[in-house]
Every structure is written in C-alpha cells, then in structure tokens.
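One structure below.
Protein chains in written order, with our numbering: chain A, 544 to 831; chain B, 693 to 935.
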C-alpha cells in the first residue's frame, strides 16, 4: 500500500501542473472559440518561445524575468504572424484546408528547429528553495509557474469580461456577421484574438522551460494533451477547458505515482476516449 | 437620403434582385413589402454590406456605398435589425447594447459615453438596464426590442428594420409599430421597414415600395399601392386590408 502522503503530494503536483496546462489550453481554445480554427501548431509556437528563453537566459545571461518578457512578446508577434500569413488568406476556405495549413506549419517549425538547433534537449535549471508542507514537498520552481499561470488566467478573464475589446471578442465568437453590423471589423478582432492567444503561448513557453527541457519535437509531447483538454472541456468553452486541465493533470500525476508516468498518460487518454462517448460536447456541455 | 439605382443581385443563375431602383427620403418611414422570396431581405443585405451587389449603385447621403464592408456602412450611419433576433446570447442585455454603442459610433466616444448611450437606448425601447440580465430570459417581444436597441445604439441616421413584427402577438405588434414611430420622432432616424404583416405596416408608413420576384412592381402611398392590380396579383389575390 502506498503512503497517503505520496498521494497527497501527487495531488498537489497535479494542481501545479494543471495551472500551466490551463494556460496552454485556454490560449488555444480562445483562438478556436473566436476564429473557429484549431491551430495544430500551437504548442510548436510555445516551443519556439522556450528556445528563446533558453538562449537569452542560459547562453546570453539575461535575467530570467527579461527572458520571460521577451518570450511573451515573441509569442504575441508569432500569433499575429500566423494569423496574417497563414490563417487570413484561407479564412473562407474549407476547414480541412485550415487544419492542413496549420498542420504544415507544425512540420515546418519542427524541421526548421531541428535544422537550427539539432535534436538536443536543452533546459534552464533554476536553483530555487523547496518548502516542506507537512511532509509534502513544494518546489518553488513549480509553485511560481503555477502562480503566474493563475494570475495570467485571471487577467484573461478580466480582459474578456470587463473591456470593450474583450466583450467584442466574445460577441464575434457568437455571431461574426452581427458584430460587423454593429460596426466592429471582425478581422481586426481576429487579429487581437490571435495576438492574445500567441501571448499566452509565449507566457506558457516562458514557464515551461523551467519545468521541461525543450527540443524540436516538444510540440508532440504536450500538443496532443492540450488538444485533448480543449475537446474534453468543450472546444471554445473557456471554463470547461480550465476544469479539464486540472482533471487531466490530476489523472497524470496520481496515476504516475500509483503506477508510472507512462501509465498516467495511458489512463488520461482512456478517460478522454470514454468521456468523448459519454459527453461529446465537453464536460460542461448541456445534454441533449 | 438613400438612393438605390438599378440594383441587381444574382446568386449563380438565380436573379434575386433585378434592376431595382427606389429612393428613401430623409425623415420618412418607407415600407418595403412583397411576397416571400421577392428580394426584400436581399436588398437589405446589399445596402448593409453583407452582400456585394452584382451591379447597380447605392448612394447614402451622396456617397456610393455598394460593396463597402458592413462595419464601414455602419459607421456611415446605417443600421439593420434581423428578421430572427440574433442577440449575443452569452453577453448580458446591457453588454449587447453597449458593445454596439462602442463599436458602432462613427467616432469612438470613450467607454463611459458608450455605456451612457446604451442606457438611454435601453430606456427608450423599454428594456431593463440590469447589468446582469441575460437575453436568454427575454420572450419574443423582448428579443425584438433588444434587436432594435442594438441597431439604434450604433447611432444610425437610417434604420433598416427587417420584420420587426414577426412572431409577436397582436398587442406586441401594435407596441412595436408605435415604437418605430417613436424612434423616428425621438432619434430623428429615417426608417426602411420590411414586413409581411401588411395591415399594421400600411397604417404606419409614409410610402411603400413593392417587390415581386426581385423586381419593383409598385411604389407610392399605402392606399394607392394596396389597390394596384399588380400588387393584388402578386399577393395571389389576397386582399390587403387597410384599417
């Protein structure tokens, strides 16, 4: 029998991981909810931002916060670039073309990253203290990314609900044509949405580089999990994706302690497949 | 104020509007009527920028607007309502109107001013200004009011009202018709009104344009138009009753 303290620690670790996963999933889900396009290469943009932090901090000796801010800026710029260069020209075409285009971007980024930086795993390790909370081990390297993620998600929530731009983003996600008739240019709203989604990818990258090592195929490591969370939460459903992030991270974390990390992913995917049959519209969707 | 000249819209081999011309004078309420499929809503879509005309010209206050995007047309001062209300269901009633007031204004007036205008419009159409109230709680009449409020919040000089009476009971219909008159009076808005329910429309409008199969078949005062044999025929002999 496993010591309950390990389970408790796994549960806490699940929460800490869930915060960063939620950041990833909500960035992707925001773009899908508004523009109706799944950026297959979303986590590959995160990968680029992780490399930026690695080079700035580890190679050029920038302070961590400056590297992180640079990654956020790069993420927003990438979001705008992806929308203008790839999405905008094919907005009106069949959804399969949009999937293929962002899927093509994924292979382009993976190959280009391999060419530039080889397949070496690179990481930035910080030596921060850990706390012992009644036997539960709390490393600050995990607590700080969690706290920053939650703050960013609160900021996103306030942006979407308290500002006119955020309200317009929610309005366009419901009825693009009607919002045009209310005088808002939907394409400008799309651009803002892509920038915000990219900014979240940049922030996720700036946090993930302290938890995982980066390599050109990092997108394959967290990409499927991110999509799974979005589908489980309901595509475009922000609250659903937030809840689903923690469900998935807890399964992975607790099953990882009971069996093994690999088994944690297996169980997470089994739960996902079952849930897709039981609640195809997402965990928070109304039945019917 | 609005001049439509030889407006034609084809969808593939189907001609929805064929060389239609009419004029809207400042300050009037013009009824645009015709049987199902006669091209009324297509005309609205061309004017509001949702559709690009195949040929012809649409000028508003002397400016060519055919082919402009909906947001550009909105900023020039033309707003429209939809036949079936399309509120942003996940936004509150106040947010629905405020976002229209903010983005629809020809020049950005700031958030406080947009909220103030939204509150004024909600008061005019008779909807509660409760910041939390959701459009999901509104009935057919309330949704029509919200549809109208959202269009008016953009500060139009010309309102295109698409079937403002559809789905309402007789009491609500009379109220909605009175509402359009009040809107014209208090906001000095010119109105083009598309409607199926003729009796109410004929009582309110100053002039009528009748479309059938995408062509204009009559134009004039309600009483003359109702007796026009081509109009009677278009409506399959259905007598247009004037109160």
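Idealized CB from N, CA, C, for every residue including glycine.
Determine whether the Cβ of residue 604 of chain A lies closer than 8 Å to any Cβ atom of chain B. By one-based count along the first chain, residue 604 of chain A stands at place 61. Residue contact with chain B for residue 604 of chain A: absent (no Cβ-Cβ distance below 8 Å to any residue of chain B).
DSSP has residue 812 of chain B in a bridge; who is on the other side? Walking along the second chain from the start, residue 812 of chain B turns up at place 120. DSSP output for residue 812 of chain B lists no bridge partner at all.
Out of curiosity, what's the CA-to-CA distance linking residue 808 of chain B and residue 781 of chain B? Counting from 1 along the second chain, the entry for residue 808 of chain B is found at position 116. Counting from 1 along the second chain, the entry for residue 781 of chain B is found at position 89. In this structure, the CA atom of residue 808 of chain B is about 22 Å from the CA atom of residue 781 of chain B.
3 or more residues per run - each beta strand (DSSP E) lying fully within the stretch 752 to 835 of chain B: Those beta strand (DSSP E) runs which fall completely within the stretch 752 to 835 of chain B and span 3+ residues are 770 to 772.
Does the stretch 776 to 794 of chain B touch the stretch 731 to 749 of chain A, meaning 3 or more C-beta pairs lie closer than 8 Å? Contact check between the stretch 731 to 749 of chain A and the stretch 776 to 794 of chain B: fewer than three CB pairs, one atom from each, fall below 8 Å, which does not count as touching.
So, is the C-beta of residue 831 of chain A closer than 8 Å to a C-beta in chain B? Walking along the first chain from the start, residue 831 of chain A turns up at place 288. With a pLDDT of only 38 at residue 831 of chain A, under 50, the local geometry of the prediction cannot be trusted, and no value is derived from it.
Quick check on this structure: which residue in A/583, A/562, A/689, A/624 has the alpha carbon closest to the alpha carbon of residue 650 of chain A? Along the first chain, read from residue 1 onward, the residue named residue 650 of chain A stands at position 107. Minimum Cα distance to residue 650 of chain A is reached at A/583.
Start and end of the beta strand (DSSP E) containing residue 550 of chain A? Your numbering for residue 550 of chain A matches position 7 in the first chain. Taken as a continuous stretch (DSSP letters only), residue 550 of chain A belongs to no beta strand (DSSP E), being part of the alpha helix (DSSP H) at 547 to 578.
Is residue 712 of chain A helix, strand or coil by DSSP? Counted from its first residue, the first chain places residue 712 of chain A at position 169. Judged by DSSP in its simplified three-state form, residue 712 of chain A adopts helix.
Starting from residue 729 of chain A, follow the alpha helix (DSSP H) in both directions and report where the run begins and ends. Here residue 729 of chain A corresponds to residue number 186 of the first chain, with the count starting at 1. Residue 729 of chain A -> alpha helix (DSSP H) spans 729 to 751.
Any beta carbon from chain A within less than 8 Å of residue 738 of chain B's own beta carbon? Stepping through the second chain from its first residue, residue 738 of chain B is reached at position 46. Look at residue 738 of chain B: its C-beta is not under 8 Å from any C-beta on chain A.
Which value, in whole angstroms, describes the spacing of the CA atoms of residue 905 of chain B and residue 777 of chain B? Numbered from its first residue, the second chain carries residue 905 of chain B at position 213. Numbered from its first residue, the second chain carries residue 777 of chain B at position 85. Residue 905 of chain B and residue 777 of chain B: Cα-Cα distance of roughly 25 Å.
Since residue 728 of chain A meets chain B, which of its residues come closer than 8 Å, beta carbon to beta carbon? Translated into positions along the first chain, residue 728 of chain A becomes position 185. Correct list: 761, 763.
Are the CB atoms of residue 715 of chain B and residue 695 of chain B nearer to each other than 8 Å? Against the second chain, residue 715 of chain B aligns to sequence position 23. Against the second chain, residue 695 of chain B aligns to sequence position 3. Cβ distance < 8 Å, so residue 715 of chain B and residue 695 of chain B count as in contact.
What's the gap between the Cα of residue 725 of chain B and the Cα of residue 725 of chain A? Counted from its first residue, the second chain places residue 725 of chain B at position 33. Counted from its first residue, the first chain places residue 725 of chain A at position 182. Near 25 Å, if we compare the C-alpha coordinates of residue 725 of chain A and residue 725 of chain B.
Return helix, strand or coil for residue 697 of chain B, following the three-state DSSP convention. If you number the second chain from 1, residue 697 of chain B lands on position 5. Annotated three-state conformation of residue 697 of chain B is strand, per DSSP.
Could you list which residues in chain B have their beta carbon closer than 9 Å to that of residue 665 of chain A, in chain order? Position 122 of the first chain, counting from 1, holds the residue named residue 665 of chain A. Simply none; closest approach about 42 Å.
Just mark residue 806 of chain A as buried or exposed, buried being the case when its beta carbon has 16 or more other beta carbons within 10 Å. Within the first chain, numbered from 1, the residue matching residue 806 of chain A stands at position 263. A residue is called buried when at least 16 other Cβ atoms come within 10 angstroms of its Cβ; residue 806 of chain A does not meet this threshold and is exposed.
Own chain residues within Cβ distance below 6 Å of residue 792 of chain A, not counting five before or after: Residue numbering aside, residue 792 of chain A sits at position 249 when the first chain is read from its first letter. The residues are 557, 560, 561, 564.
Taking the beta strand (DSSP E) that residue 912 of chain B belongs to, which residues open and close that run? Counting from one through the second chain, the residue named residue 912 of chain B turns up at place 220. The continuous beta strand (DSSP E) containing residue 912 of chain B extends over residues 907 to 912.
Counting only runs that start and end within the stretch 615 to 685 of chain A, where is the alpha helix (DSSP H) found for 4 or more residues in a row? 638 to 660, all fully within the stretch 615 to 685 of chain A.
Residue 701 of chain B: buried (16+ other C-beta within 10 angstroms of its C-beta) or exposed? Here residue 701 of chain B is taken as the residue at index 9 of the second chain, counted from 1. The C-beta of residue 701 of chain B has 16 or more other C-beta atoms within 10 Å across all chains shown, which makes the residue buried.
For residue 718 of chain B, which residues from the same chain have a beta carbon less than 7 Å from its beta carbon, with the 5 sequence-adjacent residues on both sides left out? For this step, residue 718 of chain B is matched to residue 26 along the second chain. Around residue 718 of chain B: 693, 882.
Taking the beta carbon of residue 871 of chain B as the centre, do at least 16 other beta carbons fall within 10 Å, making it buried, or is it exposed? Residue mapping note: residue 871 of chain B aligns to position 179 of the second chain, counting from 1. It counts as buried.
What are the complete alpha helix (DSSP H) segments, minimum 4 residues, inside the stretch 874 to 907 of chain B? Taking 4 residues as the minimum length, the alpha helix (DSSP H) runs contained wholly in the stretch 874 to 907 of chain B are 890 to 896, in order along the chain.
Assigned exposure category for residue 837 of chain B - 16 Cβ within 10 Å defines buried: Here residue 837 of chain B refers to the residue found at position 145 when the second chain is read from its first residue. Looking at its Cβ environment, which holds 16 or more other Cβ atoms inside 10 Å, residue 837 of chain B is buried.
Between A/555, A/572, A/554, A/566, which lies nearest to residue 825 of chain A when the distance is taken from Cα to Cα? For the purposes of this step, residue 825 of chain A is identified with residue 282 of the first chain, where counting begins at 1. Closest by C-alpha distance to residue 825 of chain A, out of A/555, A/572, A/554, A/566, is A/572.
For residue 735 of chain A, which residues of its own chain have a beta-carbon under 8 Å away from its beta-carbon, when the five flanking residues on both sides are left out? As a first step, residue 735 of chain A is located in the first chain; it is residue number 192 there, counting from the start. Cβ within range, chain order: 708, 712.
Cβ separation of residue 723 of chain B and residue 900 of chain B, assumed to be a contact under 8 Å, to the nearest whole Å: As a working mapping, residue 723 of chain B is identified with position 31 in the second chain. As a working mapping, residue 900 of chain B is identified with position 208 in the second chain. Right, their Cβ atoms sit about 4 Å apart.
Residue range of the unbroken alpha helix (DSSP H) whose run includes residue 723 of chain A: Against the first chain, residue 723 of chain A aligns to sequence position 180. That run of the alpha helix (DSSP H) goes 719 to 724.
Alpha carbon to alpha carbon, how far is residue 590 of chain A from residue 776 of chain A? The count along the first chain starts at 1 and reaches residue 590 of chain A at position 47. The count along the first chain starts at 1 and reaches residue 776 of chain A at position 233. Straight across, the Cα-Cα distance linking residue 590 of chain A with residue 776 of chain A is about 23 Å.
Between residue 786 of chain A and residue 742 of chain A, which are expected to be in contact by the criterion C-beta below 8 Å, what is the C-beta distance as a whole number of angstroms? Counted from its first residue, the first chain places residue 786 of chain A at position 243. Counted from its first residue, the first chain places residue 742 of chain A at position 199. No, residue 786 of chain A and residue 742 of chain A are not in contact; Cβ-Cβ is about 23 Å, not under 8 Å.
Name the residues in the stretch 703 to 722 of chain A whose C-beta lies less than 7 Å from a C-beta of chain B; which are they? Answer set for the stretch 703 to 722 of chain A: 707, 710, 711, 713, 714, 717, 718, 720, 721.
Let's see if you can read the secondary structure: which residues bound the alpha helix (DSSP H) around residue 595 of chain A? In the first chain, residue 595 of chain A corresponds to position 52, counting from 1. Per DSSP, residue 595 of chain A belongs to the alpha helix (DSSP H) from 585 to 596.
Specify, as a first and last residue, the run of the alpha helix (DSSP H) that residue 734 of chain B falls within. Position 42 of the second chain, counted from the start, is the residue given in the question as residue 734 of chain B. Start and end: 732 to 740.
Minimum Cβ-Cβ distance from residue 634 of chain A to chain B less than 8 Å: Walking along the first chain from the start, residue 634 of chain A turns up at place 91. Under the Cβ criterion of 8 Å, residue 634 of chain A is not counted among the residues facing chain B.
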